[in-house]
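Residue numbers (the working numbering): 7 to 103.
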């Protein structure tokens, strides 16, 4: 965790770009990584919830079931692991865009 924290924002930006990847395997691996980061870093991810939630909400609306399941998995971990107020704000803001 000490290694990730100084570069957490840059790491999240890189993972967000991979979530947007057109290859479904890469996108799903990136979403699983976000889910794992939510679980293990918990409240430390609060500062990144808005940006990551936006891309996950977009992926949750795709037609591909495999992609939707990956997004829902990561969003579920976000809801369980991060601060409720930051999660609600991120879901509201991300859902409006």
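Where a beta carbon is used, it is the ideal one built from N, C-alpha and C, also for glycine.
Neighbour flag for residue i against chain C, beta carbons, 8 Å
i         : result
residue 8 : The chain inventory of the structure shown lacks chain C, comprising one protein chain alone.
DSSP state of residue i mapped onto helix, strand, coil
i          : result
residue 10 : coil
residue 50 : helix
Backbone CA spacing between residue i and residue j [nearest angstrom]
i          : j          : result
residue 67 : residue 74 : 7 Å
residue 80 : residue 53 : 16 Å
residue 24 : residue 58 : 11 Å
residue 87 : residue 49 : 7 Å
residue 72 : residue 11 : 30 Å
residue 51 : residue 27 : 22 Å
residue 78 : residue 90 : 17 Å
Where residue i falls, given that 16 or more other Cβ within 10 Å makes a residue buried
i          : result
residue 76 : buried
residue 31 : exposed
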